[in-house]
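Residue numbering for the sequence shown is 49 to 322, as defined by this note's numbering.
Backbone N, C-alpha and C fix where the C-beta goes; we use that ideal spot for every residue, glycine too.
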Amino acid sequence: MPIKIYNTQTRKKEILDPLETGHIRLYVCGITSYDYCHIGHARSSLAFDMIVRYLRYRDYRVTYIRNFTDIDDKIIQRAAEQNTTTEELAQRFIDEFYVDMDHLGIERPNLEPKATEHIPEMIELIGELVDKGLAYPSQGDVYFAVDQFPEYGKLSGRRLEDMQAGARISVNESKRHPMDFVLWKGSKPGEPTWDSPWGPGRPGWHIECSAMSRKYLGQTFDIHGGGQDLIFPHHENELAQSEGASGTTFVNSWIHHGFVTIRDEKMSKSLGNF
């Protein structure tokens, strides 16, 4: 009996048809390691743990990659508040994450790459986008030019014109278009930095997953997963920059799970509702 999954991009159930017979390549967005995890994070890990176990039960070989975002504005801010380094803070909460997942009996993925260990791959991918006219440097940063990617919005079902009309993004004179998103952030005093062709800085969030998934799963792979809050902008931006660089399909099937809610709101540290 064939397996059917709901594909967020096509908005329908489809028969799972892996690129390589008997082998499924799966990438899931992991935690940003700046604090302890909560039940909402556990739900994500549990959901994909169940999916992977079932696929293996059905005799598929599964290559399961889940990343750690270990450099981010929140990590930098929390490290400063605690008078420690971003490396120490990120690793501390990665270790705590493992303690929680082990208590829940959740199996670990095949590989869990850290963003900071893949800066060269990110710089390479950004360079490809700049060379193709899909990205541009501006005042020390590098931005993806959304209006140069005609299919922007196809994952979330949003039209660029509607997003622009309703944008609540503060005016940023370094951007050509209000929806352009950052690929490389120019360095600021006291922040971790890496050298790049555009000056010292650090990667934006979205480029991290595109670079790591490409390295370990290839330009096209079978399934990309995460919470439904990642559909836009994170996964939409991932799709745009990945397909913009490769000129081919990024992911065949997108899977997104729902939230753990409290009083009809997503359980979230930022909302402070748990």
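Opposing strand residues paired with residue i [DSSP bridges]
i, result
"residue 147", "Bridge partners of residue 147: none, in fact."
"residue 162", "116"
Distance CB(residue i)-CB(residue j) smaller than 8 angstroms
i, j, result
"residue 58", "residue 120", "no"
"residue 234", "residue 252", "no"
"residue 94", "residue 154", "yes"
"residue 254", "residue 285", "yes"
"residue 182", "residue 192", "yes"
"residue 268", "residue 241", "no"
"residue 299", "residue 232", "no"
"residue 177", "residue 276", "no"
"residue 261", "residue 113", "yes"
"residue 145", "residue 83", "no"
Residue range of the beta strand (DSSP E) that includes residue i
i, result
"residue 74", "71 to 76"
"residue 185", "183 to 186"
"residue 299", "299 to 305"
Terminal residues of the alpha helix (DSSP H) in which residue i lies
i, result
"residue 171", "167 to 179"
"residue 62", "Careful: residue 62 lies outside any alpha helix (DSSP H), inside the beta strand (DSSP E) at 60 to 63."
"residue 290", "284 to 294"
Residues of its chain near residue i, where Cβ-Cβ distance is below 8 angstroms and the 5 sequence neighbours each way are ignored
i, result
"residue 107", "70"
"residue 208", "194, 195, 200, 201, 227"
"residue 139", "81, 118"
Close beta carbons around residue i, own chain, < 6 angstroms, minus the five adjacent residues each side
i, result
"residue 273", "76, 96, 303"
"residue 287", "203, 298"
Cut-off 7 angstroms between Cβ atoms - residues of its own chain near residue i, not counting five sequence neighbours on either side
i, result
"residue 308", "87, 88, 91, 315"
"residue 133", "127"
Continuous alpha helix (DSSP H) assignments of at least 4 residues falling wholly in the region 189 to 270
208 to 213, 253 to 265
Residue ranges of each alpha helix (DSSP H) run of no fewer than 4 residues wholly in the region 87 to 150, ordered along the chain?
87 to 105, 121 to 129
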